[in-house]
Amino acid sequence: MTKTYWEDFPVGREDTFGHRIVDEDEIIEFATEFDPQLFHIDKDLAKDHFFGGIIASGWHTGAMLMRLIVDNLLQNSTSVGSPGIEQLRWKAPVRPDDILSAHSVVLETTVHKKKPDRGFTKFEYTVFNQHDEVKMTMVSTIIFLRRPETVVPS
Numbered sequence: 000m001t002k003t004y005w006e007d008f009p010v011g012r013e014d015t016f017g018h019r020i021v022d023e024d025e026i027i028e029f030a031t032e033f034d035p036q037l038f039h040i041d042k043d044l045a046k047d048h049f050f051g052g053i054i055a056s057g058w059h060t061g062a063m064l065m066r067l068i069v070d071n072l073l074q075n076s077t078s079v080g081s082p083g084i085e086q087l088r089w090k091a092p093v094r095p096d097d098i099l100s101a102h103s104v105v106l107e108t109t110v111h112k113k114k115p116d117r118g119f120t121k122f123e124y125t126v127f128n129q130h131d132e133v134k135m136t137m138v139s140t141i142i143f144l145r146r147p148e149t150v151v152p153s
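Start counting the sequence shown at 0; every next residue gets the next number (numbering that gives the first Met the number 0).
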């Protein structure tokens, strides 16, 4: 399999990927450790909450998106990390048995000013379920190495 470099992510590139089934036990386990609010960890109390049942923590949804990104975009890439997330929006609750997928669009690419062997790629991600309901959106940047033959020596 060919490695993907910064040049392989032109502005406008779109990808749709992944299928992750959201497991109720996993929702409770994640939330018990990291976001122990009643509507994430207690099935009985969550029924009476305005969400009407147990839902995944937004942080868990973000972690599931990250797994989809790694498995489908970064696994065989030259990614060297990220300077962070610009925007994160939880649009609708993620529920047990939802099947999550993601769509990405490259918004912007720039060469690193001090390290021309790498570049920044800004992505917009949309997480949706099996009914095409939007569950989360995120804008973040990933740093990829450039193809060695494209880097002009200083």
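All C-beta atoms in this analysis are idealised placements derived from N, C-alpha and C, irrespective of residue type, glycine included. Keep in mind the model is a prediction, meaning the values are calculated, not measured.
Asked	Found
Continuous beta strand (DSSP E) assignments of at least 3 residues falling wholly in the stretch 82 to 130	98 to 110 and 117 to 127
Proximity to His175 [Cα-Cα], best of Asp24, Ser103 and Thr140	Only positions 0 to 153 of the chain appear in the structure, and residue 175 is not among them; the question remains open.
Pairwise C-alpha distance: Lys121 and Asp43	41 Å
Pairwise C-alpha distance: Lys46 and Val93	15 Å
Beta-bridge pairing of Glu13 - partner residues as DSSP gives them	Val104
Same chain, Cβ closer than 6 Å to Pro115, five either side skipped, listed in chain order	Val150
Which residues DSSP lists as bridging Val133, in chain order	Phe127
Expected contact under 8 Å - CB spacing of Leu106 and Tyr4 to nearest Å	18 Å between Cβ atoms; not a contact.
Status (buried if at least 16 other CB within 10 Å, exposed otherwise) for Lys2	exposed
Residue from Gly17, Pro9, Val79 and Phe8 with nearest C-alpha to His102	Gly17
CA nearest to the CA of Val126, picked from Phe49, Gly83, Pro9 and Val21	Val21
Alpha-carbon to alpha-carbon, Trp58 and Phe8	27 Å
Of the listed residues Glu6, Arg19 and Glu13, nearest to Arg66 (C-alpha basis)	Arg19
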